[in-house]
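Numbering (the numbering used here), first residue to last: 4 to 180. By construction, the Cβ of each residue, glycine as well, lies at the ideal position given by its N, Cα and C atoms.
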Ligand code: SF4
């Protein structure tokens, strides 16, 4: 025991150092996203997150958007508790049979106009859970999906890029109608 304690004083940690975050890049992205939301909606973008059966890896990255480092609320991006207050439903995971009904009800409880963003490879087609007896499939098997953000899991900057692309695309399609 003493030997172990002694070794731990001098041994280098087995974990890798986290990559340095790109603060300028994230600030630029989040600022552009906040501006796009105000142009498109006249206010902040409200997001309701739904875990439809994920392993929680995607949730960790989505939660990071709100942590003290990314803190995207300062740019006008809010996570809301009720679908009735949401513009975007951000859905993770393969949709499990148990969550199918809950996802449908949440979708119908969200006022129009609304957008559904499927986050992660599981949200696209079930990912590594595809074919399981407990899984219906990707999010689009249950509700219409406007955007898919790939990755397993996608990092916060990729999620912000995806949301920005969604707002840009919907603004262009509104302008052309
Ligand atoms: S995409 Fe990856 S991280 Fe996200 S729910 Fe699926 S397995 Fe987990």
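Notebook entry, point to check: Using the C-alpha atoms, what's the distance from residue 150 back to residue 165?
Noted result: 8 Å
Margin query: So, for residue 67: in the same chain, excluding its five sequence neighbours on each side, which residues have a beta-carbon less than 7 Å away from its beta-carbon?
Written below: Excluding residues within five positions, the ones whose Cβ falls inside 7 Å are 73 and 159.
Check: Is it true that the stretch 50-59 meets the stretch 91-107, where meeting means three or more beta-carbon pairs spaced less than 8 Å apart?
Finding: yes
Next item on the list: Run through the stretch 54-86 for me and flag every whole alpha helix (DSSP H) of 4 or more residues, listed as ranges in chain order.
Entry: 60-68
Note to self: Between 82, 20 and 126, which has its C-alpha nearest residue 102's C-alpha?
What the structure shows: If we check each option's Cα against that of residue 102, 126 comes out closest.
Check: Any chance the CB of residue 143 is under 7 Å from a heavy atom of ligand 1?
Finding: no
Check: What are the start and end residues of each continuous alpha helix (DSSP H) run of 4 or more residues lying completely inside the stretch 121-178, in chain order?
Finding: 124-128
Checklist line | residue 149 CB to nearest heavy atom of ligand 1 below 7 Å | finding: no
Check: In terms of alpha-carbon separation, which member of 36, 145, 116 and 170 lies closest to residue 88?
Finding: 116
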